[in-house]
Amino acid sequence: MLLHIPALFSRDEVLRIREALEQADWADGKITAGYQSAKAKHNLQLPEGHPLAKEIGVAMVERLWANPPFMSAALPHKVFPPLINCYREGGSFDFHIDNAIRQPRGSQERVRTDLSSTLFFSDPEDYDGGELVIQDTFGTRQVKFAAGDMVLYPGTSLHKVNPVTRGARYAAFFWTQSLVREDSQRTLLFEMDGAIQQLTAEVPEHPALIQLTGTYHNLLRRWAEV
Ligand code: NI
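For the sequence shown, my numbering assigns the number 212 to the last residue and increments by one with no breaks.
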């Protein structure tokens, strides 16, 4: 499943974040890449633990935990702290699949990368190229959303960032370990939850809703790992 989550950050917030990012000290993006993907990765990144990355990360995770579409689609167990990157003219990241397990710096805890997310801090008109291209069961999709918007997609996907040919593309990206490992099972639960929400709004007194909601939870109980 690929999900577009609009306006996680407001216009004012995005402008403030971008101003701070434009003045930040950037490092080579290869620092968090695996051996193979380092060869494919040509971009800049804020070092892990950079105060600005931490501040953005904390705000972002707070928003996500209060965002019903994210909660329903990701069924998050834990989130790897967001990393912030920048692609300037000539920057790109060729096709790759992300490492399965991530360990935040200075932490004992490991995160299985069931889901990947990118939150855009630049608007599509700020740069040419730079589309996030994702190949999965839904086919090939090209993503270039408004600043403040986020895309959520399976960590198992082959993906790349097209070369930026003008301007700068600022974004945050992070991984989520889900309570439900399999994308196909998460997708079923997400669709069922959507249908239950709609029925709850339109025919709140219907007795079948109790059974349907119960079945959702019984499937979640069967598939969830805590
Ligand atoms: Ni990647």
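Here a beta-carbon is modelled for each residue, glycine too, at the ideal position from N, C-alpha and C.
DSSP, read as helix, strand or coil, puts Lys25 in helix. The Cβ atoms of Val212 and Leu165 sit closer than 8 Å to each other. For the pair Met136 and Ile3, the CB atoms are not nearer than the 8 Å cut-off. Taking 8 Å as the cut-off, the Cβ atoms of Val0 and Gly134 count as close. Rounded to the nearest whole angstrom, the CA to CA distance from Gln128 to Leu118 is 6 Å.
With a cutoff of 8 Å on beta-carbon distance, Asp112 and Ala26 are scored as not near each other.
When rounded, the separation of the alpha-carbon atoms in Phe106 and Gln184 is 29 Å.
Look at His63: its beta carbon is at least 7 Å from all of the heavy atoms in the ligand NI.
DSSP, reduced to helix, strand and coil, places Trp12 outside both helices and strands of the structure shown, so it counts as coil.
Proximity to the ligand NI was defined by a C-beta distance below 6 Å to any of its heavy atoms, and the residues meeting it, in sequence along the chain, are His82, Asp84, His145. DSSP, reduced to helix, strand and coil, places Thr99 outside both helices and strands of the structure shown, so it counts as coil.
Counting other Cβ atoms within 10 Å of its Cβ, Met57 stays below 16 and is therefore classed as exposed. In the three-state DSSP reduction, Phe106 falls in the strand class (E or B). Secondary structure at Asn53: coil, using DSSP grouped into helix, strand and coil. Per the coordinates, the alpha-carbon of Trp12 lies some 10 Å from the alpha-carbon of Asn29. Burial state of Asp169 is buried, judged by a 10 Å Cβ sphere holding 16 or more other Cβ atoms. Inclusion of Leu(-6) and Arg49 in the CB contact set at 8 Å is warranted, their separation being smaller than that value. Here Asp80 carries a strand assignment [DSSP, helix/strand/coil].
Nearest Cα to Leu(-12) within the set Ala60, Arg(-3), Leu205: Ala60.
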